[in-house]
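Accompanying notes for the structure given below.
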Amino acid sequence: MQTIVSSIVSGNPTRAIEEAGKSFSPGSRPVYASMHSFTINNIIFGCIELLSAVNLSLYEVFPDFSAVYKELISSGSDRELHARLAGLIRQVSNLYSLSKNSLTGSENPIVSDAKAYIEEHYSDCRLHLSHIAEALSVSSCYLSNIFKQETGKTYIDFLTSVRIKKAKEFLADPQVKVYEVCYLAGYDNPTYFSTLFKRRTGCTPTEYRNRLSPREQKNSPE
Numbered sequence: 000m001q002t003i004v005s006s007i008v009s010g011n012p013t014r015a016i017e018e019a020g021k022s023f024s025p026g027s028r029p030v031y032a033s034m035h036s037f038t039i040n041n042i043i044f045g046c047i048e049l050l051s052a053v054n055l056s057l058y059e060v061f062p063d064f065s066a067v068y069k070e071l072i073s074s075g076s077d078r079e080l081h082a083r084l085a086g087l088i089r090q091v092s093n094l095y096s097l098s099k100n101s102l103t104g105s106e107n108p109i110v111s112d113a114k115a116y117i118e119e120h121y122s123d124c125r126l127h128l129s130h131i132a133e134a135l136s137v138s139s140c141y142l143s144n145i146f147k148q149e150t151g152k153t154y155i156d157f158l159t160s161v162r163i164k165k166a167k168e169f170l171a172d173p174q175v176k177v178y179e180v181c182y183l184a185g186y187d188n189p190t191y192f193s194t195l196f197k198r199r200t201g202c203t204p205t206e207y208r209n210r211l212s213p214r215e216q217k218n219s220p221e
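Mapping to numbering that gives the first Met the number 0: the sequence shown position 50 is 49, numbers consecutive.
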């Protein structure tokens with residue numbers, strides 16, 4: 000167990016997985032049922048302690064951990080069990096390393112990746128936090144919490160800021176119709192978009208465009 004934990008701490012999940020595999024003997028699962036449960040629990044407790052050291056909770060990272068635990072205990076074969084434990088160890092190792100880095104003052108890479116994902120997919124009106132969490136292999140709960148902690152904004156606040164910023168850029172282009180800006184910015188309801196834009200900027204999209212000077216407009220004649 001000490002080797003498993005130290006391997007995760009040192010950023011070597013492969014070795015941790017190899018050590019975990021040594022704890023499970025091949026053969027009939029029923030014969031080793033109690034030993035398997037004991038080993039699984041030890042590994043889980045080790046993961047809990049590691050995550051606690053970087054201010055994370057296993058249930059925060061894995062909201063459905065009860066189901067994950069049941070799958071581990073009920074694995075039909077040692078190979079299946081080892082594969083599931085390997086997945087758990089890799090995720091814990093990744094989150095431990097990322098969260099440890101964030102404690103040193105640098106932005107959490109998960110947050111950086113989430114921001115980049117939003118910048119790339121903001122125009123998708125169906126974009127949801129769960130889509131980003133899935134793409135980054137973390138839980139929605141964890142991503143929501145760490146995003147607010149790191150940026151001071153909720154996911155929705157940040158996404159809205161990005162979309163409004165992009166909308167302003169589109170409005171600066173006289174070749175783009177005002178109603179088209181709504182869809183380009185990631186909204187499927189022009190009325191809602193106009194209301195939200197005014198709430199954020201103090202004017203409607205049309206008013207914003209009319210206030211732009213010729214120099215501020217893209218592709219405007221000299």
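Every residue, glycine too, gets a C-beta built ideally from N, C-alpha and C.
Quick check: residue i and residue j, are their CB atoms within less than 8 Å of each other?
i, j, result
"aspartate 123", "glycine 185", "yes"
"glutamate 149", "glutamate 106", "yes"
"alanine 134", "tyrosine 116", "yes"
"valine 177", "arginine 208", "yes"
"isoleucine 227", "isoleucine 72", "Any question about residue 227 goes unanswered here, given that the chain covers just 0 to 221."
"lysine 7", "serine 92", "It should be noted that the sequence gives isoleucine, not lysine, for residue 7. Yes."
"serine 65", "glycine 10", "no"
"cysteine 50", "serine 56", "The amino acid at residue 50 is misidentified as cysteine; the sequence shows leucine. Contact: yes."
"lysine 165", "tyrosine 121", "yes"
"isoleucine 163", "arginine 125", "no"
"methionine 0", "asparagine 54", "no"
With distances taken from CA atoms, which of the options is nearest residue i?
i, options, result
"threonine 159", "Val53, His127 and Asp63", "His127"
"proline 12", "Pro108, Ser111, Lys152 and Leu84", "Leu84"
"aspartate 77", "Pro213, Ser139 and Ser36", "Ser36"
"serine 136", "Leu170, Phe157, Leu94 and Leu55", "Leu94"
"proline 213", "Ala171, Phe196 and Cys181", "Ala171"
"valine 180", "Phe169, Pro173, Asn188 and Asp187", "Phe169"
"arginine 210", "Pro173, Pro189 and Leu195", "Pro173"
"aspartate 156", "Val67, Phe196 and Phe61", "Phe196"
With 16 other CB atoms within 10 Å as the buried threshold, where does residue i fall?
i, result
"phenylalanine 192", "buried"
"threonine 45", "Checking the displayed sequence, the identity of residue 45 turns out to be glycine instead of threonine. Buried, because 16 or more other Cβ atoms sit within 10 Å of the Cβ of glycine 45."
"serine 74", "buried"
"alanine 132", "buried"
"lysine 167", "buried"
"alanine 244", "Outside the modelled stretch of the chain, which goes from 0 to 221, sits residue 244, for which no answer is possible."
"alanine 15", "buried"
"valine 30", "In this prediction, valine 30 has a pLDDT of 43, which is less than 50 and means its spatial position is unreliable; nothing more can be read from the coordinates."
"alanine 113", "buried"
Cβ pair count under 8 Å reaching 3, the stretch 81 to 91 against the stretch 13 to 22: With a cut-off of 8 Å, the stretch 13 to 22 and the stretch 81 to 91 count as touching, because enough Cβ pairs lie within range.
Segment contact flag, the stretch 188 to 205 with the stretch 133 to 147, C-beta cutoff 8 Å, min 3 pairs: Judged by Cβ distances under 8 Å, the stretch 188 to 205 makes no contact with the stretch 133 to 147, as fewer than three pairs qualify.
Contained beta strand (DSSP E) runs [length at least 3] in the stretch 146 to 200, N- to C-terminal order: Fully enclosed beta strand (DSSP E) runs of no fewer than 3 residues are not present anywhere in the stretch 146 to 200.
Entirely enclosed alpha helix (DSSP H) segments - the stretch 64 to 152, minimum 4 residues: With a minimum length of 4 residues, the continuous alpha helix (DSSP H) runs that stay inside the stretch 64 to 152 are 64 to 72, 77 to 101, 108 to 120, 128 to 135 and 139 to 150.
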